[in-house]
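**Q**
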Amino acid sequence: SYLNSRDNSTKTITRIGIQSLGSPLWTDSDDEVADGKAIAHFMHALRGLLRSSLAVCAITFPAHLHSKSTRNRVHHMADSVFSLHSFRGSGSMTSEVFRDYSGLFNIVKLPRINTMTTHGVDTLAYVFTVGRRRFAIETLNLPPEISRSSSTPDTSST
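Quick note on the numbering used here: the sequence shown kicks off at 722 and runs consecutively.
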């Protein structure tokens, strides 16, 4: 097959994108969502193909449609797991600090291929902005909180 080609003359990385794995669009039955075991089996087979080829795969997974055990299986089968939380639609619940950003980007799991530990990062929480042709991820830098105790008068000394 194309993924398992051992031809040394062409070194092209194949990029595969799978959108909404396990959503109702992926099932052929009347079930609402795909079975967690079937998703894990598919990801295990895909992982084996990717390990023996020059290819990468990005998968989006609608976690809100699945149980916690299915999410844990998918997280276990993936090399890296990231979550996105949009501020759009939250209205007044979004803090004034986040008004310039589109949402939060959290690192759930980093790859540990052929190592005993994962690479340490400074922070696991980032923010992202979405432009017309740009998706930018930035470090979350919160402004310092002004102490409330300094603004109230000291009543202990009378």
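Just so it is clear, CB atoms sit at the ideal spot from N, CA and C, and this is done for glycine as well.
I believe Gly827 touches Ala846 by the beta-carbon criterion, under 8 Å. Please report the beta-carbon distance rounded to the nearest angstrom.
**A** The residue you call residue 827 lines up with position 106 of the sequence shown. The residue you call residue 846 lines up with position 125 of the sequence shown. Just to set this straight, residue 827 is Asn in the shown sequence, not Gly. Right, the Cβ-Cβ distance comes to about 6 Å (below 8 Å), so this counts as a contact.
**Q** Using the rule of at least 16 other Cβ atoms within 10 Å of the residue's Cβ for burial, across every protein chain shown, is Gly769 buried or exposed?
**A** One-based indexing of the sequence shown puts residue 769 at position 48. Gly769 should be labelled exposed.
**Q** Please list the segments of the alpha helix (DSSP H) lying wholly inside the stretch 756-801, counting only runs of 4 or more residues, in order along the chain.
**A** Runs found: 757-772 and 789-798.
**Q** Going by CA-CA distance only, name the one from Pro745, Val829 and Asn835 that's closest to His796.
**A** As a working note, residue 796 is residue 75 in the sequence shown. Nearest option by C-alpha distance: Val829.
**Q** Tell whether a beta-carbon distance below 8 Å holds between His787 and Gly757.
**A** What you label residue 787 is simply residue 66 of the sequence shown in a count that begins at 1. What you label residue 757 is simply residue 36 of the sequence shown in a count that begins at 1. Yes, Cβ-Cβ distance for His787 and Gly757 is below 8 Å.
**Q** Determine the contact status of Ser804 and Leu831, defining contact as a CB-CB distance below 8 Å.
**A** Taking the sequence shown and counting its residues from 1, the one referred to as residue 804 is at position 83. Taking the sequence shown and counting its residues from 1, the one referred to as residue 831 is at position 110. No, the pair does not count as a contact, with Cβ atoms beyond the cut-off.
**Q** Let me make sure I understand the geometry here. Which of Thr735, Phe819 and Val851 has the alpha-carbon closest to that of Ser905?
**A** Given a span of 722 to 879 for the chain in the structure shown, any question on residue 905 remains unanswerable.
**Q** Here's a check: name, in chain order, each residue in its chain whose Cβ is nearer than 6 Å to the Cβ of Ile760, leaving out the five neighbours to either side.
**A** Here the question's residue 760 lines up with position 39 in the sequence shown. Excluding positions up to five away in sequence, the list reads Gly743.
**Q** Here's a check: name, in chain order, each residue in its chain whose Cβ is nearer than 7 Å to the Cβ of Phe782, leaving out the five neighbours to either side.
**A** The residue given as residue 782 occupies position 61 in the sequence shown. Cβ neighbours of Phe782 beyond the five flanking positions: Leu742, Gly743 and Val795.
**Q** What residue range is occupied by the uninterrupted beta strand (DSSP E) comprising Thr850?
**A** In the sequence shown, residue 850 corresponds to position 129, counting from 1. It spans Ala846 to Val851 - the beta strand (DSSP E) in which Thr850 sits, taken as one unbroken run.
**Q** Put Phe819 into one of helix, strand or coil per three-state DSSP.
**A** The count along the sequence shown starts at 1 and reaches residue 819 at position 98. Residue state, collapsed to three classes: helix.
**Q** Do you know offhand how far Gly834's Cα is from Arg772's?
**A** In the sequence shown, counting from the first residue as 1, residue 834 sits at position 113. In the sequence shown, counting from the first residue as 1, residue 772 sits at position 51. Reading off the sequence, residue 834 comes out as Ile, not Gly. Taking the straight line joining both Cα atoms gives about 10 Å.
**Q** Considering only the alpha carbon of each residue, which of Lys732, Arg854, Met764 and Asp749 lies closest to Ile673?
**A** A question about residue 673 goes unanswered here, because the residues of the chain that appear run from 722 up to 879.
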